[in-house]
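In the UniProt record's numbering, the protein residues as written are 1 to 331. Even glycine gets a Cβ: it sits at the ideal position worked out from N, Cα and C. Here's the structure, in structure tokens; my notes come after.
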Ligand code: KG4
Ligand code: ZN
């Protein structure tokens, strides 16, 4: 069976073709990052319009790269939510309509299920069950994963998502959007100078996160310190360490609670090198293993939607004829 996956939940148009026997046949991505950089964040209306411009050429490109014609395709998967409603509706409209025109089933995929299953596209894919840490620009959550569709959300952010905290703190430092990777780069030049950033919500039981206090702590530190590059780098380092430590503490807690030995990290922030190093060491110490998607599949992409869509298609979970986008949708 072969499926085409369409991702348009935010500011990346991602299309991929996945075959359940041969694996990933093609994936193409157009990022709107440059378009939104001047505004310091994603402008929803501009995002929708750019998806409209790019989606059809990218679908053609993905099919050509996969050496596939419409006849080879058994289903059309698209991100149904959560995300920006205008952006979602572009993917849902095109996906649902193509499926109708081609006479194939349409599959509406949960964006976070896509992220969660992204490591399944790697040679060294994790077996079920595992604990997943999903950290993106819009979400931070810990999920107990017992199989496809068997998800228990163990904890979530009560305010900002981890990526959002990175982006907002980066903005305070004058770094361009999206600031997460830029802040991480700056942090690599930072020195340990004794800033005492908090590790929010680690001093009480539970698996929820809170990151807005770290951003405020960073703002106060920036305001009270000299305005030079090395000081910024030192603050970036301390901020990044606090986020990574907090995530690691909660992951350890989730693994203890479930008794699982496999940890998956996915979503944009899983590209963070310090987070990967810290979790790899922690898992080694705990006698377990950490899994993550390759760099390009940490952030939004069509491949994860095609993969998740294939699992849902095989389970017979297909869409009716209505075009649906769900901006808020629990996992
Ligand atoms: O999963 P994603 O592409 O989009 C959402 O679904 O939100 O995640 C994007 C987020 C942004 O907040 C970005 O700053 C963050 O992931 N990010 C990083 C790094 N690379 C991307 N944060 C910290 N360190 C990185 N290396
Ligand atoms: Zn995402």
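Start and end residues, beta strand (DSSP E) containing residue i
i           : result
residue 19  : 12-19
residue 25  : 23-31
residue 305 : Note, residue 305: premise wrong, no beta strand (DSSP E); alpha helix (DSSP H) at 302-314.
residue 3   : 2-7
residue 196 : Residue 196 -> no beta strand (DSSP E), and no H or E assigned at all.
residue 291 : 289-291
Cutoff 7 Å; reference residue i; Cβ partners in own chain excluding five residues on either side
i           : result
residue 230 : none
residue 126 : 119, 262, 264, 291
residue 324 : 80, 92, 108
residue 115 : 134, 136, 266, 267, 304
residue 98  : 76
residue 50  : 32, 35
residue 45  : 86
residue 295 : 271
residue 221 : 195, 235
residue 279 : 248, 251, 263, 265, 290
Pick from the options that is closest to residue i, judged by C-alpha positions
i           : options            : result
residue 209 : 236, 158, 259, 203 : 158
residue 180 : 26, 168, 87        : 168
residue 29  : 305, 328, 190      : 305
residue 275 : 259, 286, 245, 84  : 245
residue 333 : 14, 131, 160, 111  : Examination of residue 333 is not possible in this model, given that the chain is present from 1 through 331 alone.
residue 217 : 173, 57, 247       : 173
residue 318 : 100, 59, 35        : 100
residue 74  : 331, 82, 105       : 105
residue 38  : 176, 139, 182      : 176
residue 271 : 251, 156, 299, 328 : 299
residue 224 : 67, 195, 283, 273  : 195
residue 269 : 283, 240, 61       : 240
residue 146 : 5, 154, 140        : 154
residue 211 : 186, 68, 243       : 243
residue 121 : 163, 16, 197       : 16
residue 55  : 67, 82, 11, 71     : 11
residue 198 : 302, 214, 189      : 214
residue 251 : 78, 232, 282, 150  : 282
residue 8   : 302, 312, 320, 328 : 302
residue 68  : 327, 204, 161, 26  : 26
residue 6   : 22, 94, 287        : 94
residue 312 : 82, 43, 148        : 148
heavy atom of the ligand KG4 below 6 Å from residue i C-beta
i           : result
residue 180 : yes
residue 169 : no
residue 258 : no
residue 163 : yes
residue 184 : yes
residue 14  : no
residue 166 : yes
residue 267 : yes
Beta-carbon proximity list for residue i, same chain, < 6 Å, skipping 5 on both sides
i           : result
residue 48  : 86, 87, 90
residue 18  : 3, 24, 306, 307, 310
residue 61  : 28
residue 191 : 234
residue 102 : 70
residue 72  : 2
Residue i: CB within 6 Å of a non-hydrogen atom of the ligand ZN
i           : result
residue 270 : no
residue 136 : yes
residue 300 : yes
Residues near residue i in its chain [Cβ-Cβ closer than 8 Å; skip 5 each side]
i           : result
residue 193 : 234, 238
residue 314 : 1, 20
residue 182 : 170, 175, 176
Distance cut-off 6 Å: residue i Cβ against heavy atoms of the ligand PLP
i           : result
residue 278 : As far as ligands go, the structure on display features the ligand KG4 and the ligand ZN and does not contain the ligand PLP.
Runs of 4 residues minimum, wholly inside the stretch 84-119: which ones carry the alpha helix (DSSP H) assignment? 85-102, 111-117, all fully within the stretch 84-119.
Sequence ranges, beta strand (DSSP E) only - wholly within the stretch 199-274, length at least 3: Within the stretch 199-274, the runs of beta strand (DSSP E) at least 3 residues long that lie entirely inside it are, in chain order, 262-266.
At 4 residues or longer, and completely inside the stretch 124-184: list those alpha helix (DSSP H) runs for me, N to C. Runs of the alpha helix (DSSP H) inside the stretch 124-184: 162-172.
Length-filtered (3 minimum) beta strand (DSSP E) runs lying within the stretch 36-89: Counting whole runs of 3 or more residues, the stretch 36-89 contains the beta strand (DSSP E) stretches 75-81.
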